[in-house]
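Right, one structure below, let's go through it.
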Amino acid sequence: MFKLVGEEIFTIGKQHAKCVLRVDPMPHFAFSYSLYVDGKPLEKFTEKQSQSIRSWAVLAEGKRYRVVFEKQSLNIHVNGQVIEAENVFVNDGTEMRFELGTSEAVIKATSSDKKQGVIHQLFIKGKLIEEDTFI
0 MFKLVGEEIF TIGKQHAKCV LRVDPMPHFA FSYSLYVDGK PLEKFTEKQS QSIRSWAVLA
60 EGKRYRVVFE KQSLNIHVNG QVIEAENVFV NDGTEMRFEL GTSEAVIKAT SSDKKQGVIH
120 QLFIKGKLIE EDTFI
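Reading the sequence shown from the start, the letters are residues 0 to 134 in numbering that gives the first Met the number 0.
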């Protein structure tokens, strides 16, 4: 048998992020559910993640790839593995070139107005890939 209220602690991901699922009782036999990741409410955690990383779900050559770019370290991860990229300065910013299967992939970093700062975009075979959004 399991508890109806209380906390359940578990980890997720390769970094083993500590998660706490909290179930609290409410009136009329209802319950309130809260999820905390690394000590932060899920909303704050996803907000912080969206500021520090960019991620894309890519289907190339019939295979699925998850591309994640860490803005602080400038590391590129493909399906959880850090990959090597060729960094090149271009007229309007920088490009980080790498292979995705046999396809050419490029993350372009260009500056914009002060509100947005640097914009990072992923191109596969020259086609812009839409960025994932955290909701």
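C-beta: ideal position from N, C-alpha, C; glycine also.
Check                                                                                                                                                                                     : Outcome
Less than 6 angstroms between C-beta atoms, sequence neighbours within five positions excluded: which residues of the same chain meet that for SER102?                                    : ALA59, ILE123, LYS124
Kindly list the residues whose CB is nearer than 7 angstroms to the CB of GLY5, restricted to its own chain and excluding five residues on each side of it in sequence; keep chain order. : VAL22
Rounded to the nearest angstrom, what separates ARG53 and SER33 at their Cα positions?                                                                                                    : 26 angstroms
When the Cα atoms are used, what is the spatial distance from GLY116 to PRO24?                                                                                                            : 44 angstroms
Restricting to Cα atoms, I'd like to know which of MET95, LEU99, GLY100 is closest to THR109.                                                                                             : MET95
Between LYS17, GLN48, LEU99, VAL81, which lies nearest to LYS62 when the distance is taken from Cα to Cα?                                                                                 : LEU99
Classify LEU121 as buried or exposed, calling it buried when 16 or more other Cβ atoms lie within 10 Å of its own Cβ.                                                                     : buried
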